[in-house]
Amino acid sequence: MAAKFEPKITAFVCNWCTYAGADLTGTSRIKYQSNVRILRVPCTGRIDFMMVMKALHQGADGVIVSGCHPNDCHYTSGNYHARRRWMVFKKMMDILGVDMRRIAFSWVSAAEGAKWAQLVNEVTDQVRALGPYVEYRQLVGAGIE
Amino acid sequence: MEALKQRVKELLALAQVKAVLGYTKGTGDRRRPLFIRAAGQVDQLVLDEACTQNLAAYATKREVKQLGKVAVISLPSTQRALLQLMAERQLRDGEVVVLAVDGSEIKEITSASALEEHLARKVTHLDSEDKATLERLAAMSREERWGFWRKELSRCMKCYACRNSCPMCYCEQCTMDCNRPQWVPVASHAFGNLEYHMVRTMHLAGRCVECGECGRACPVGIPVHLLTYCTEESVHEQFGQCAGRTAKLDYALATFKADDQESFIR
Ligand code: SF4
Ligand code: SF4
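These protein sequence lines map, in sequence, to chains F and P. Just so it is clear: in the first sequence, position 30 is 755 by my numbering, and no numbers are missing. Just so it is clear: in the second sequence, position 138 is 1287 by my numbering, and no numbers are missing.
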């Protein structure tokens, strides 16, 4: 019998808010699904859109991008810049027909341990329902056509 | 045409410019760029419907800059590109003389503000074929769009003509050519092609002047220009700015407004 599908979720989180928020989730002993692999970066402004694509390339079924709420950026404006980037990125993905249900964006502050748990659970459930990211896997495996 | 040739000769004779960029006869019915540096070359000049190439791509080349001040016989799309290059500080105000030909009238534009004014009266219309393709794409489901691009991009052989012909792709070292680390795969397999086109599209968002040169340059006819048109359009819609309309423009993705509106960040 085939093993039940468990999605791999890659999360890019900023050091100052979401990473601390995820830490708080743990110290508050809030349980959440263990499908997420957290990658800590200095700031959401550091997250090149290609990092998201690389995660999918390497086998992630879903990606979370999360950082400080607007106005709370440790570096003042990194998240505002990131927001613009994602606004355009989303349009590009839309025209290319990439499945954006697999990429989630959020603001989670250092005080929002519960929100982090909820976010991970929601995204994991959704991606689990969608199944493995076959479309992208096929593309990666296609080789020279 | 005779008046234009005359004017080009004068410009060169008076040493107001060191070279004039225009078009000449190419293979078959095609036109190719012409760099006029002496009066003797002027007779090779051609200007007709078949002249479509965006000559602004040459204006930033080191070899052309070394010549000194140049004049460019230009279409509105070339003019938009020149203006955007000024906004991006790749050209100085007054570094190029724009020769805008409108019917029998030749306009000589030497400053950024005059160029802005000139372009303000031009509206760019989408080519009917492009319009049809965009409408077709808009009517498709997500899966169909994915299939469309998968099929289109499977023909791409990474010749980089789309990048090289683009007036806004002026980086001397492109991230595509960087192999340590290898950020984007060089091979033109399905995945490498998708990543290449994503990078190209994102890097041109808010900077594409919608000349369509990349699509025309593609030897296998992939409508890659539609990708950059879409991100350009989205920048215009969401941030209210448009490339190639003014010489003073902050790059849309290197600036922000505290109240930028989106609806997808949870
Ligand atoms: S991306 Fe294509 S349409 Fe846009 S400026 Fe470059 S060549 Fe022109
Ligand atoms: S010009 Fe066409 S074939 Fe060449 S790299 Fe661009 S899309 Fe690919």
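Virtual Cβ for every residue (Gly too), placed ideally from N, Cα, C.
Got a sec: does ligand 1 put a non-hydrogen atom nearer than 7 Å to the Cβ of residue i?
i       : result
P:S1314 : yes
P:A1230 : yes
P:G1361 : yes
P:V1221 : no
F:N804  : no
P:N1203 : yes
P:H1374 : yes
F:T849  : no
P:S1209 : Before going on, a small fix: residue 1209 of chain P reads as Thr here, not Ser. No, the beta carbon of P:T1209 sits no closer than 7 Å to any heavy atom of ligand 1.
P:V1358 : yes
So, using beta-carbon positions, are residue i and residue j closer together than 8 Å?
i       : j       : result
F:I734  : F:V833  : no
P:A1392 : P:P1316 : no
F:A736  : F:L764  : yes
P:V1373 : P:S1226 : no
P:K1167 : P:G1217 : yes
F:V865  : F:H782  : yes
F:I820  : P:R1294 : yes
P:M1351 : P:T1380 : yes
P:L1343 : P:L1302 : yes
P:L1268 : P:R1394 : yes
F:C742  : F:D797  : yes
P:L1376 : P:D1279 : no
F:I755  : F:A829  : no
P:C1363 : P:C1311 : yes
P:F1413 : F:H806  : no
P:F1340 : F:A867  : yes
F:V848  : F:G784  : no
P:Y1319 : P:Q1239 : yes
F:G822  : F:T769  : no
F:W811  : F:T750  : no
Whose C-beta lies closer than 7 Å to the C-beta of residue i among residues of the same chain, with five residues either side of it excluded?
i       : result
P:Q1193 : T1173, L1183
F:E870  : Any reading at F:E870 must be qualified, since the residue scores a pLDDT of 45, below 50, and its modelled position is unreliable; no value is offered.
P:L1402 : A1354, G1355
P:D1178 : A1199
P:A1206 : S1314, C1315, P1316
P:V1213 : Y1207, V1219
P:S1286 : The amino acid at residue 1286 of chain P is misidentified as Ser; the sequence shows Leu. Cβ within range, chain order: R1294, F1297.
F:Q758  : V845, N846, T849
P:V1250 : L1153, L1196, I1222
With residue i as the anchor, note down where its beta strand (DSSP E) starts and where it stops.
i       : result
F:L764  : 761 to 766
F:S831  : 828 to 832
F:G856  : Counting along the chain, F:G856 falls outside any beta strand (DSSP E), and DSSP gives it neither H nor E.
F:S791  : 787 to 792
P:A1392 : Premise fails: P:A1392 is in no beta strand (DSSP E) and is neither H nor E.
F:A736  : 734 to 739
Hey, quick one: how far does the alpha helix (DSSP H) through residue i stretch, first residue to last?
i       : result
P:K1256 : Where P:K1256 is concerned, there is no enclosing alpha helix (DSSP H), although the beta strand (DSSP E) it sits in stretches over 1254 to 1258.
P:D1279 : 1277 to 1288
F:G751  : 743 to 752
P:S1383 : 1374 to 1388
P:F1297 : 1291 to 1302
F:G770  : F:G770 -> no alpha helix (DSSP H), and no H or E assigned at all.
P:C1363 : 1362 to 1366
P:G1341 : 1339 to 1353
P:A1263 : 1261 to 1269
P:C1311 : 1310 to 1314
P:V1245 : Note, P:V1245: premise wrong, no alpha helix (DSSP H); beta strand (DSSP E) at 1245 to 1251.
F:V777  : 774 to 782
P:K1158 : 1151 to 1162
Spatial neighbours of residue i within its chain, please: CB distance less than 8 Å, with the 5 preceding and 5 following residues excluded, ordered by chain position.
i       : result
P:H1385 : C1391
P:K1154 : V1191, D1192, L1194
P:E1265 : L1232, R1394, T1395, A1396
P:V1246 : L1160, Q1165, V1166, K1218, V1219, A1220, V1221, E1257, I1258, T1259
Would you say the beta carbon of residue i is closer than 7 Å to some non-hydrogen atom of ligand 2?
i       : result
P:A1310 : yes
P:A1366 : yes
F:I820  : no
P:C1320 : no
P:V1369 : yes
P:C1305 : yes
Compute the minimum distance between the beta carbon of residue i and the heavy atoms of ligand 3, and state whether it is under 7 Å.
i       : result
P:L1353 : Ligands in the displayed structure: ligand 1 and ligand 2; ligand 3 is not one of them.
Tell me which same chain residues have a C-beta within less than 6 Å of the C-beta of residue i, skipping the five on either side of it?
i       : result
F:M825  : M818
P:F1388 : A1401
P:V1169 : V1157, I1185, A1220
F:A854  : none
F:P767  : N740
> Can you give, in chain order, each stretch of the beta strand (DSSP E) that sits fully within the stretch 1166 to 1231 of chain P and has at least 3 residues?
Replying inline: 1168 to 1174, 1180 to 1185, 1219 to 1223
> Which runs of the alpha helix (DSSP H) spanning at least 4 residues fall entirely within the stretch 796 to 840 of chain F, listed in chain order?
Replying inline: 803 to 821
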